[in-house]
Amino acid sequence: MAWFKKARKPIASSTAEKPSRVPEGLWIKCPGCTQLIYKKDLDESLNVCPKCGHHFRISAAERLRAIFDDGRYTEHFPNLISLDPLQFTDTKPYRQRLQHTISSTGLKDAIIVATGTLDGLDVVVAAMEYSFIGGSMGVVVGEKIARGIERAIAGRLPLVIVCCSGGARMMEGALSLMQMAKVCAALARLDRAGLPFISVLTDPTTGGVTASFAMLGDLNVAEPKALIGFAGPRVIEQTIRQTLPEGFQRSEFLLEKGMLDLIVDRREMKSAIAGALRFMGAKTEVLVAAPDVAAVAAEPAPQA
Ligand SMILES: [Zn+2]
Numbered sequence: 011m012a013w014f015k016k017a018r019k020p021i022a023s024s025t026a027e028k029p030s031r032v033p034e035g036l037w038i039k040c041p042g043c044t045q046l047i048y049k050k051d052l053d054e055s056l057n058v059c060p061k062c063g064h065h066f067r068i069s070a071a072e073r074l075r076a077i078f079d080d081g082r083y084t085e086h087f088p089n090l091i092s093l094d095p096l097q098f099t100d101t102k103p104y105r106q107r108l109q110h111t112i113s114s115t116g117l118k119d120a121i122i123v124a125t126g127t128l129d130g131l132d133v134v135v136a137a138m139e140y141s142f143i144g145g146s147m148g149v150v151v152g153e154k155i156a157r158g159i160e161r162a163i164a165g166r167l168p169l170v171i172v173c174c175s176g177g178a179r180m181m182e183g184a185l186s187l188m189q190m191a192k193v194c195a196a197l198a199r200l201d202r203a204g205l206p207f208i209s210v211l212t213d214p215t216t217g218g219v220t221a222s223f224a225m226l227g228d229l230n231v232a233e234p235k236a237l238i239g240f241a242g243p244r245v246i247e248q249t250i251r252q253t254l255p256e257g258f259q260r261s262e263f264l265l266e267k268g269m270l271d272l273i274v275d276r277r278e279m280k281s282a283i284a285g286a287l288r289f290m291g292a293k294t295e296v297l298v299a300a301p302d303v304a305a306v307a308a309e310p311a312p313q314a
C-alpha cells in the first residue's frame, strides 16, 4: 500500500494540436514553426507564414484574388448545381449535405471558373474549393472545367487550373469518375488548338484529380510541401507492406522523381505563371490608340 496515491487523473495536456488555422482572432499559430503570426501579416503574405514559409490552405476565391490583376475577375457558370443523380445517402443524404455546404460556403459546387487578366494577359482560371466536400470532383466540377476549356478555345486564351481536391466525389459514383475522361478529352482539344495549360497543384491534390487533369499540364507547378498523390500513404503502406520513404507524396519528393516540373512559393506563383505563359507565346493585348486612328482618318484622301 503506497502512502501517496494520485486519486485523480492529472489534467491531460493537449499535445495533439489541430493543424487547421483558426479563422477568427488576431493571432494564428503556425503549424510549421509553432510561432504566433499576426493575422494581418499572414493576409498580406497570401497566407504563407512569414517566418517558416508554411503554406496555409486558402479558399478558391482567395486564390483567384491572388492570381488576377487587382484581384478582379469575372465568374462563369456559377449556378450549375448537382441533382443527386444516385439519391445517395451515407451518414446523411447527399442532397442535405449539398444544401448545408452551399449555405456554409456560399458556393454551388467545389470550383470557381473565372476569366480576367493575369499580369496583363487574358486567361481562364479554374480554382478548386477544398471546403466544399473536400474539393471533390463531381458532375458539376467536371462540367464547369470542360466549359471553361471551351471558353478558352473559343477566345484563344491560356488555361490555368488550381487543383485542391480529395479526388472524385463518392456520392456521385461512376458519374464523377466519368468527369476524368471528359476533362481530359476537353484538354486534348485545347492542346490541338495550340493553347497552353498550366496545372497548379496545391495541398492536397489526390485521387481522381491527380489521376486526370492535375498531371496533364504543359507545366505542372506545385506549392511547397503539398500532398500530391493518388491513394493515401496509409493505404499504399498496407498494400505493399513496406515503410514508405520520408517525404513521400510531397511536392519536393515528386519533383525529385520527375512527376513535377517546378515548385513555386505562393508569393511568387503569379509572376511564375505569367512568365511561363509569355514563354509559351501568350501576348499582352495592345489596344490601338484612339488618336492614331483619328489621325489616319483625318488624312486627306488621295486625289484620283
Ligand atoms: Zn511558420
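Residues in the sequence shown are numbered from 11 upward in steps of one, following this note's numbering. Here a beta-carbon is modelled for each residue, glycine too, at the ideal position from N, C-alpha and C. In this text, all values refer to a predicted model and were calculated from it rather than measured experimentally.
Only counting the same chain, and skipping five residues up and downstream in sequence, which positions put a Cβ closer than 6 angstroms to that of residue i?
{"i": "Gly42", "result": "Cys59, Cys62, His64"}
{"i": "Arg166", "result": "none"}
{"i": "Leu240", "result": "Leu is not the amino acid found at residue 240; the sequence shown has Phe there. Closer than 6 angstroms at Cβ, skipping near neighbours: Thr220, Ala221."}
{"i": "Asp94", "result": "Tyr104, Arg105"}
{"i": "Ala292", "result": "Leu131, Pro168"}
{"i": "Leu226", "result": "Leu197"}
{"i": "Ala224", "result": "Cys173, Ser209, Leu211, Thr215"}
{"i": "Asn57", "result": "Phe66, Ile68"}
{"i": "Asp302", "result": "Its pLDDT being 46, under 50, Asp302 is placed unreliably in this model, and the value from its coordinates should be taken loosely. Excluding residues within five positions, none has a Cβ falling inside 6 angstroms."}
{"i": "Met181", "result": "Phe98, Tyr104"}
{"i": "His86", "result": "Val123"}
{"i": "Gln45", "result": "Lys61"}
{"i": "Val274", "result": "Val231, Ala282"}
{"i": "Met290", "result": "Pro206"}
What do you get for residue i, buried or exposed, if any count of 16 or more other CB atoms within 10 angstroms of its CB means buried?
{"i": "Ile38", "result": "buried"}
{"i": "Phe78", "result": "buried"}
{"i": "Phe14", "result": "exposed"}
{"i": "Glu278", "result": "exposed"}
{"i": "Ala17", "result": "exposed"}
{"i": "Ala195", "result": "exposed"}
{"i": "Lys154", "result": "buried"}
{"i": "Gln109", "result": "exposed"}
{"i": "Gly268", "result": "exposed"}
{"i": "Ala300", "result": "In this prediction, Ala300 has a pLDDT of 46, which is less than 50 and means its spatial position is unreliable; nothing more can be read from the coordinates."}
{"i": "Ile91", "result": "exposed"}
{"i": "Gln189", "result": "buried"}
{"i": "Glu256", "result": "exposed"}
{"i": "Ile372", "result": "Here the chain comprises residues numbered 11 to 314, so residue 372 is not present and cannot be evaluated."}
{"i": "Gly204", "result": "exposed"}
{"i": "Gly81", "result": "exposed"}
{"i": "Ala284", "result": "buried"}
{"i": "Arg202", "result": "exposed"}
{"i": "Ser113", "result": "exposed"}
{"i": "Asp53", "result": "exposed"}
{"i": "Ile238", "result": "buried"}
{"i": "Arg251", "result": "exposed"}
{"i": "Asp317", "result": "The first residue shown for the chain is 11 and the last is 314, placing residue 317 beyond what the model contains."}
{"i": "Val245", "result": "exposed"}
Per DSSP, residue i is paired with what?
{"i": "Arg260", "result": "Leu237"}
{"i": "Tyr48", "result": "Trp37"}
{"i": "His86", "result": "Val123"}
{"i": "His65", "result": "Val58"}
{"i": "Ile91", "result": "The partner list for Ile91 (beta bridge, DSSP) is empty, contrary to what the question assumes."}
{"i": "Leu169", "result": "Val134, Phe207"}
{"i": "Leu272", "result": "Val231"}
What residues in its chain sit with their C-beta under 7 angstroms from that of residue i, if we drop five residues either side in the sequence?
{"i": "Thr111", "result": "Phe142, Ile143"}
{"i": "Pro88", "result": "Lys118"}
{"i": "Val306", "result": "Per-residue confidence for Val306 stands at a pLDDT of 44, beneath the threshold of 50, marking its modelled position as unreliable; the derived number appears in the next sentence. For Val306, where only same-chain residues beyond five positions count, there are no Cβ hits under 7 angstroms."}
{"i": "Thr84", "result": "Ala124, Thr125, Gly126"}
{"i": "Ser146", "result": "Ala120, Ser175, Gly176, Gly177, Ala178, Arg179"}
{"i": "Ala156", "result": "Lys192, Val193, Ala196"}
{"i": "Phe258", "result": "Pro243"}
{"i": "Arg73", "result": "Ala137, Val172"}
{"i": "Lys152", "result": "Per the sequence shown, the amino acid found at residue 152 is Gly instead of Lys. Correct list, in chain order: Gln189, Lys192, Val193."}
{"i": "Thr294", "result": "Gly130, Leu131"}
{"i": "Phe263", "result": "Gly257"}
{"i": "Leu185", "result": "Pro95, Val149"}
Residues in its own chain within less than 8 angstroms of residue i by CB, not counting five upstream and five downstream?
{"i": "Leu200", "result": "Ile159, Ala162, Ile163, Leu169, Phe207"}
{"i": "Thr253", "result": "Glu247"}
{"i": "Lys280", "result": "Ala76, Ile77, Leu128, Asp129"}
{"i": "Ile47", "result": "Trp37, Ile38, Lys39, Cys40, Cys59, Pro60, Lys61"}
{"i": "Leu272", "result": "Leu229, Asn230, Val231, Ala232, Leu265, Ala282"}
{"i": "Gly35", "result": "Lys49"}
{"i": "Gly116", "result": "none"}
{"i": "Lys19", "result": "none"}
{"i": "Ser55", "result": "Arg277"}
{"i": "Ala236", "result": "His65, Leu211, Thr212, Asp213, Pro214, Thr215, Arg260, Ser261"}
At 3 residues or longer, and completely inside the segment 98-164: list those beta strand (DSSP E) runs for me, N to C. 121-128, 131-138
Just list the beta strand (DSSP E) runs in the segment 172-254, keeping only unbroken ones of 3 residues or longer that don't cross its boundaries, in chain order. 207-215, 229-232
Any residues whose CB sits closer than 6 angstroms to a heavy atom of ligand 1? List them in chain order? Cys40, Gly42, Cys43, Gln45, Cys59, Lys61, Cys62, His64
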